[in-house]
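Novice: Handing you this structure, nothing more for now.
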Amino acid sequence: MPAGATDRFDLVATAMVDLVKFAGRFLREPSRVGAIAPSSGALGRVITSWARLEEADAVVEYGPGTGAFTPYILERLRPGATFFALEVDRALYEAFRRRFPEVPVYRDSVAKVATYLDAHGIASADCIISGLPWASFSAAYQAELMRSTVDVLASGGRFATFAYVHALAMSSAHAFRRLLNRRFSDVGMSPVVWWNLPPAFVYQCVK
Ligand SMILES: C[S@@+](CC[C@H](N)C(=O)[O-])C[C@H]1O[C@@H](n2cnc3c(N)ncnc32)[C@H](O)[C@@H]1O
């Protein structure tokens, strides 16, 4: 096979393996995994392009799953910046570690983000890119995880997370939007990314 064709084959094969693994985890833990398929590259570009990763000293990725956003974070990260991820699901954590051996990832909840920043010798994060399914969580759990997040975010720090368009009518999605409004000084929304299954947009929040 010519070299370009081999690369394309590898890409498609990786995407298929990710899809099967992800869907399997969703069927077992629907509210924690929160999506049937990994996010698209289009959503990865939108969620990372607003975050000013090029200027950040410390970046954390929440719930990377199989790593749909990670290549776009790595692409923008400046040399010397600290970057790590927190993934609670064992199978997805292992898949992530195999795909990105160079990225520190911890199998733990983002509720413990302060502990891991501490372990890296860092007091606060400049940017958090979140893949968590916030609208699947209860209001109390949303509030708990958001408290840990805002506590570690630097003043002026950026928090980006995505939400599905079809889920906007859910009461948990309303609760999440109200929580963002309470906890951040500025909350914006990206245009809808239609090239994602299902279509989604990004909440762009500044502390
Ligand atoms: C909707 S999936 C998104 C995965 C990936 N970011 C993407 O966009 O394809 C949500 C991910 O968050 C992880 N997750 C859920 N709750 C978490 C928590 N409290 N701490 C860390 N990861 C969590 C799930 O295991 C899953 O990998």
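One rule links them: number in our numbering = place in the sequence shown (from 1) + 37.
The beta-carbon is built from N, C-alpha and C at its ideal position, and this holds for glycine as well.
When DSSP labels each residue in this structure, what does S192 get in the three-state scheme?
Specialist: Looking up residue 192 in the sequence shown gives position 155. Residue state, collapsed to three classes: strand.
Novice: DSSP three-state call for V230: helix, strand or coil?
Specialist: Position 193 of the sequence shown, counted from the start, is the residue given in the question as residue 230. Three-state DSSP puts V230 in a strand.
Novice: What does DSSP give as the partner residue(s) for L123 in the beta ladder?
Specialist: On the sequence shown, residue 123 is found 86 positions in, with the first residue counted as 1. According to DSSP, L123 bridges with Y99 and Y143.
Novice: Compare the C-alpha of G158 against each of F120, A212, S192 and S173 and name the closest.
Specialist: Along the sequence shown, read from residue 1 onward, the residue named residue 158 stands at position 121. Looking at the Cα atoms, F120 is the closest of the given residues.
Novice: With a Cβ-Cβ cutoff of 7 angstroms, do L190 and K244 count as a contact?
Specialist: For the purposes of this step, residue 190 is taken as residue 153 along the sequence shown, with counting starting at 1. For the purposes of this step, residue 244 is taken as residue 207 along the sequence shown, with counting starting at 1. Yes, Cβ-Cβ distance for L190 and K244 is below 7 angstroms.
Novice: Using a Cβ-based criterion (distance less than 6 angstroms to any ligand heavy atom), does L111 qualify as near ligand 1?
Specialist: Reading the sequence shown from its first residue, position 74 is the one you call residue 111. Outside the cutoff, so no.
Novice: With DSSP as the reference, identify every bridge partner of I110, one or two as the case may be.
Specialist: In the sequence shown, residue 110 corresponds to position 73, counting from 1. Paired residue(s): none; I110 is not in a bridge.
Novice: Smallest Cα separation from S76: which of S86, T103, R65 and E66?
Specialist: Counting from one through the sequence shown, the residue named residue 76 turns up at place 39. Selected option, being the one with the closest Cα: T103.
Novice: Does ligand 1 have even one heavy atom less than 6 angstroms from the beta-carbon of E181?
Specialist: As a working mapping, residue 181 is identified with position 144 in the sequence shown. For ligand 1, not one heavy atom lies less than 6 angstroms from the Cβ of E181.
Novice: Give the C-beta separation of I84 and F106 to the nearest angstrom, bearing in mind that I take them to be a contact with Cβ-Cβ under 8 angstroms.
Specialist: Position 47 of the sequence shown, counted from the start, is the residue given in the question as residue 84. Position 69 of the sequence shown, counted from the start, is the residue given in the question as residue 106. Contact holds; Cβ gap of about 6 angstroms.
Novice: So within the stretch 156-226, which uninterrupted beta strand (DSSP E) runs reach at least 3 residues, ignoring any that extend past its ends?
Specialist: Taking only runs of at least 3 residues, the beta strand (DSSP E) segments lying wholly in the stretch 156-226 are 162-167, 190-201 and 223-226.
Novice: Secondary structure at M38, three-state DSSP: helix, strand or coil?
Specialist: Taking the first residue of the sequence shown as position 1, residue 38 is located at position 1. Low confidence applies to M38: its pLDDT is 49, below 50, so where it sits in the model is not reliable enough to give any reading.
Novice: Compute the beta-carbon to beta-carbon distance between A162 and G194, rounded to the nearest angstrom, for a pair I have assumed lies under 8 angstroms.
Specialist: Within the sequence shown, numbered from 1, the residue matching residue 162 stands at position 125. Within the sequence shown, numbered from 1, the residue matching residue 194 stands at position 157. About 6 angstroms; that satisfies the 8 angstroms criterion.
Novice: If I measure Cβ to Cβ from C242 and keep anything under 6 angstroms in the same chain, skipping five residues before and after, which residues do I get?
Specialist: Residue 242 sits at position 205 when you count from the first residue of the sequence shown. Here the set comprises F196, L217, F221 and V224.
Novice: Give me the Cα-Cα distance between S68 and A212, rounded to the nearest whole angstrom.
Specialist: Sequence index remark: in the sequence shown, residue 68 carries index 31 (1-based). Sequence index remark: in the sequence shown, residue 212 carries index 175 (1-based). Those two C-alpha atoms are separated by around 16 angstroms.
Novice: For D155, count neighbouring Cβ atoms within 10 angstroms of its own Cβ and tell me buried if that reaches 16, exposed if not.
Specialist: Numbered from 1 along the sequence shown, position 118 holds the residue referred to as residue 155. With fewer than 16 Cβ atoms within 10 Å of its Cβ, D155 is classed as exposed.
Novice: So what does DSSP say about A151, is it helix, strand or coil?
Specialist: Position 114 of the sequence shown holds residue 151. In the structure shown, A151 sits in a helix (DSSP, three-state: H, G or I).
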